[in-house]
Amino acid sequence: MNLDTLKQLDLDDREISIYMTLFRLGPASIRDIAAQTGVNRGTTYETLKRLASRGIVSYFPKGKRRVFRAEDPERLLQLAEEKQNALKHTIEQLKTDIIPIVFSNYCITAHWREHKLNNRPASPHNLFQASQQQSTIC
0 MNLDTLKQLD LDDREISIYM TLFRLGPASI RDIAAQTGVN RGTTYETLKR
50 LASRGIVSYF PKGKRRVFRA EDPERLLQLA EEKQNALKHT IEQLKTDIIP
100 IVFSNYCITA HWREHKLNNR PASPHNLFQA SQQQSTIC
């Protein structure tokens, strides 16, 4: 199984390890999870809290302790879809709001543009000289 896919959902190695361990163990205490993953209990608890806040794991009381369990793997698909929708929204915002504002407020000198098109580094000195010239594209 390629677990790198889970990293695309902004899960780190520790979160992936704990999540997969919960699937293997079923409902488990922090102590059992920490023992299986080799992560200390404090870090395990903090990681479980992060996973719970994203709806990937949940917990329930059992006596005086909390028992954690992995949520349905379909939740991972929901997270991926949420991330995809957020990215689509960001792209639309860039197209409709950000880029037009940037272009309307700032002129790009022809000299700077020439440097970019020719893949030559535009040094501050060259950009200053270009800004002194009157050939601008606005």
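All the letters of the sequence shown, read from the start, carry residue numbers 0 to 137 under numbering that gives the first Met the number 0. No residue lacks a Cβ here, since even glycine has one placed at the ideal position from N, Cα and C.
Here the C-alpha atom of Leu-78 lies approximately 18 angstroms from the C-alpha atom of Arg-13. In the DSSP assignment, the residues bridged to Phe-67 are Ala-27 and Tyr-58. Comparing alpha carbon positions, the residue from Asp-3, Thr-4, Asn-1 and Leu-8 closest to Glu-81 is Leu-8.
Annotated three-state conformation of Asn-84 is helix, per DSSP. Closest by C-alpha distance to Lys-63, out of Phe-22, Asp-3, Pro-99 and Ser-28, is Ser-28. When C-beta atoms of the region 82 to 89 are compared with those of the region 44 to 59, fewer than three pairs fall below 8 angstroms, so the two segments do not count as touching. Sorting Lys-87, Gly-25, Pro-99 and Tyr-18 by C-alpha distance to the C-alpha of Thr-46 places Tyr-18 at the top. In terms of Cβ geometry, Thr-4 and Thr-20 do not form a close pair [threshold 8 angstroms].
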